[in-house]
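S.K.:
Protein chains: 2
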Amino acid sequence: MSRFGRATAVRRLEEGRYQAELDGGFGFDEALNGGYLMAPLLRAAVDVSSHAHPVATSANFLRVARPGPAEVWVESRKTGRTAAVFRVTLAQDDRPVVDATVTTGTLDPDATPAWSGERPPMPPIDACVAFDAGERDRGFADRVDTRFDPATMGWLDGRPTGRPESRAYFRLREDHEPDAFALALAVDALPPVVLNTGSSGWAPTVELTWQMRAVPAPGWLTLYGSGRLVNDGWFDEEVEVWDSAGRLVAQSRQLARTGRGDRKAPRD
Amino acid sequence: MSRFGRATAVRRLEEGRYQAELDGGFGFDEALNGGYLMAPLLRAAVDVSSHAHPVATSANFLRVARPGPAEVWVESRKTGRTAAVFRVTLAQDDRPVVDATVTTGTLDPDATPAWSGERPPMPPIDACVAFDAGERDRGFADRVDTRFDPATMGWLDGRPTGRPESRAYFRLREDHEPDAFALALAVDALPPVVLNTGSSGWAPTVELTWQMRAVPAPGWLTLYGSGRLVNDGWFDEEVEVWDSAGRLVAQSRQLARTGRGDRKAPRD
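Protein sequences appear in the order of chains A and B. Under the working numbering, think of the first position of the first sequence as 7, with each following residue one higher. Under the working numbering, think of the first position of the second sequence as 7, with each following residue one higher.
What follows is the structure, encoded as C-alpha cells:
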C-alpha cells in the first residue's frame, strides 16, 4: 500500500465510527494539509455508503489537526437511490477537528459529458517548474510532485502577478493513481492564490466545498486555481482539476483568511 | 414587516431551537424554493452567533419541504473571534428537510476590496425581459421581480444557447432591501442554467454552497449564472451576485440533477 493509502486508511471500530492515524508527513511544519484531512473522512463516508464516490463534500476546518490517532464519525442523514448524505466528523481527543457533509453517488467512468466547458490554457509540463526535495523532508511538498506554471510563481521573487491565480501539474510522488481521495488532496494543494495579490503568510481555510465530477484517468492532474475577490480579510479560491484525458474531474471553492501583513494590490 | 420577513422569521423556543412557518407563496407548484428555505435557517444561526453575517453556508436538500410549521435546530461547533461554525437543520415532523453548515463572521460594510475581479457584461435593465404576473398567483415568480437577459432565455422558445447560462436583475417585489437573507434567495433564483443546454424539467438541487462576500447596497442585484460540466445526470451551477454599487456580494455553486428527457447539446 502507498504511504498516501496508509496515511488515509480508516479501520471500522463500530457502526459509524472509524479509527485513523494522521501522518505528519502530509503537513507544512505543524499544520496538516486540509485536503489530506478530507481523505480519511471520505474513506469512512464511502465505506458506510452504498454509493461509490463522494460527489459533493463541504468541510469546515475547526481546529488544527495533529499527527497521530484520530477518529472519524459518520452519521447517515439521507439514503437515496441516486445520492446519500452523511455528516462526517474528524475528531481528536473527542473534539471535532474537521466537520464535513458528504454527498455520495456513483459516477459512470464511461459517461460522455452532455456538455463541457473548455479546458483553460496551461503551458506544457516541460515548461513548468519543479522545486526538488533537499536533504530535509519538507512534508507535504515531498509527498507530491508539483510542476508549477512559471507565470503564476512571480510571488516567490517578490513579483506577484497582481491577480489571484496559481496553476500546476500534480501527482503523488508514489504509485497511487488519481482517485476520489487524491482529488481531495488536489483541490487544496496549490499555493494560496492570494500570494499573487501581495498577501503573504499562512492563509487558513475556513470552509472548502468540492465536487467530484468524473472518475479521473491515470496520470497527471492539472490544477487551475483562481479567485474573484479579496475583501475584509477574506478571499475565495476556486480550483478546477482536469485529468490526463482532458476531462474536468473536480471543482472546488474555498473561503479563507488572508495572511497577516497584506499589501494592497491593484484592481484587475 | 415584509412578506419575505414574515415568511423567513424564526421564533426562539429554547436554546438552539426555533419555530418557523414556511410560506407556500415561495414555491413553484409543490416545491418550495431552496434559496427561500435557507433564509430561516440562516436567521436562526445568526441569532445564536455573536457575528452578524453568514459568510459561508453549505446546504443539502434532503426532502421536499411543505408549506406550514417547521423547526430550525442550531448546534454550535466552533466559536471564534473571526468566525463561528454551526450545524443547522430545518426540520418538519421531526425529520430533517435541509441540513446546513453555516459559518458566521462580521463583514465591514465600508471595507474596500484589496482586489476584485471584473463584473461580467450585462445588458441594461431596460433591454431585459420581465414576465409579468397574471391573474393566478405563480408563487415564487410573483414574490420577486426578475428581469432576464434575453440572450439567455432562448430555451423558452426552443432555441437554447447551447451553453449553461442564465442572467437576470433581481429584487423582491416588496419593500425589502438586499441583506444576507435576500442573498440566500438570490443565489437559487435563476432558471437552471442547463435549460440552455437542452435539458428540460425540474432540476433538483442536491448540494448548494454560497459565500456572502460583502454587505449589499440597496437596489437591484444582478445574478450571473453559469456552469462548467453536464455529465452523467449531474450539473454544476455557479451564481455570482453583484449589487447596485458594482460590488461582488455573493458567490455560489450548486450540484444538481438534470431533468428527465435530456437532449445532448454540442460541446462549447
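Glycine is no exception: its CB is placed at the ideal position from the N, C-alpha and C atoms.
Any Cβ of chain B within less than 8 Å of the Cβ of Arg273(A)?
M.R.: Unreliable placement is indicated for Arg273(A), whose pLDDT of 35 sits below 50; no coordinate value is reported for it.
S.K.: If you draw a straight line from the C-alpha of Phe297(A) to the C-alpha of Asp105(A), how long is it?
M.R.: This structure gives no information on residue 297(A), because the portion of chain A shown stretches from 7 to 274.
S.K.: Determine contact between the segment 206-220 of chain B and the segment 52-68 of chain B, defined as no fewer than three beta-carbon pairs at a distance below 8 Å.
M.R.: Result yes; three or more Cβ-Cβ pairs closer than 8 Å.
S.K.: Could you list the residues in the segment 71-89 of chain A with a C-beta less than 8 Å from some C-beta on chain B, going in chain order?
M.R.: Cβ contacts with chain B come from Arg83, Lys84, Thr88, Ala89.
S.K.: Output needed in chain order: residues of the segment 232-250 of chain B with a Cβ under 9 Å from some Cβ in chain A.
M.R.: Result list: Ser232, Gly233, Arg234, Leu235, Val236, Asn237, Asp238, Gly239, Trp240, Phe241, Asp242, Glu244, Glu246.
S.K.: Restricting to runs no shorter than 3 residues, where is the beta strand (DSSP E) found entirely within the segment 127-182 of chain B?
M.R.: 150-154, 171-178, all fully within the segment 127-182 of chain B.
S.K.: Just checking: is the beta-carbon of Thr109(B) within a distance shorter than 8 Å of some beta-carbon in chain A?
M.R.: So yes, Thr109(B) belongs to the interface.
S.K.: Show which residues of chain B have a CB atom less than 8 Å away from the CB atom of Arg259(A).
M.R.: Under the 8 Å cutoff, chain B gives Thr215, Gln217, Gln257, Arg259.
S.K.: Tell me whether Met159(B) is buried or exposed, calling it buried when 16 or more other Cβ atoms sit within 10 Å of its Cβ.
M.R.: Classification for Met159(B): buried.
S.K.: So Thr63(A) and Trp216(A) are supposed to be a Cβ contact under 8 Å. How far apart are they, rounded?
M.R.: Their Cβ separation, rounded to whole angstroms, is 6 Å, which keeps Thr63(A) and Trp216(A) in contact under 8 Å.
S.K.: Can you tell me which of the three DSSP states Arg9(A) falls into?
M.R.: Helix at Arg9(A).
S.K.: Have a look at the DSSP bridge pairing and note the partners of Asp105(B).
M.R.: Asn66(B), Thr95(B).
S.K.: Give the straight-line distance between the Cα atoms of Pro73(B) and Asp143(B), rounded to the nearest whole angstrom.
M.R.: For Pro73(B) and Asp143(B), the distance between alpha carbons rounds to 15 Å.
S.K.: Measure the C-alpha to C-alpha separation of Glu127(A) and Arg169(A) and round it to an integer number of angstroms.
M.R.: Glu is not the amino acid found at residue 127(A); the sequence shown has Pro there. In a straight line, the C-alpha of Pro127(A) is about 16 Å away from that of Arg169(A).
S.K.: Cα-Cα, which of Leu254(B), Arg9(B), Ser232(B), Gly252(B) is closest to Trp121(A)?
M.R.: It is Ser232(B).
S.K.: State the DSSP-derived secondary structure class of Leu196(B), mapped to helix, strand or coil.
M.R.: Reduced to three states, the DSSP call for Leu196(B) is coil.
S.K.: Report the partner residues of Met218(B) according to the DSSP bridge assignment.
M.R.: Met218(B) pairs with Ala256(B).
S.K.: May I ask you to report which of helix, strand or coil DSSP gives Gly231(A)?
M.R.: Note: Gly231(A) maps to strand in three-state DSSP.
S.K.: Three or more C-beta pairs closer than 8 Å, one from the segment 217-236 of chain B and one from the segment 172-180 of chain B: is that the case here?
M.R.: Touching, yes, given that three or more Cβ pairs across the two stretches are closer than 8 Å.
S.K.: Between the Cα of His182(B) and those of Gly41(B), Ala251(B), Glu243(B), Arg149(B), spot the shortest distance and give me the residue it belongs to.
M.R.: Taking only the C-alpha atoms, the option nearest His182(B) is Arg149(B).
S.K.: Kindly give me the distance between the Cβ atoms of Val199(A) and Glu243(A), rounded to whole angstroms, as I take these residues to be in contact under 8 Å.
M.R.: Indeed they touch by this definition, with Cβ atoms about 5 Å apart.
S.K.: In angstroms with no decimal places, state the Cα-to-Cα distance between Gly204(A) and Ala15(A).
M.R.: Using only the alpha carbons, I get a separation of about 38 Å.
S.K.: Using 8 Å for Cβ pairs, my map puts Tyr24(A) next to Glu77(A). What's the rounded Cβ distance?
M.R.: Right, the Cβ-Cβ distance comes to about 7 Å (below 8 Å), so this counts as a contact.
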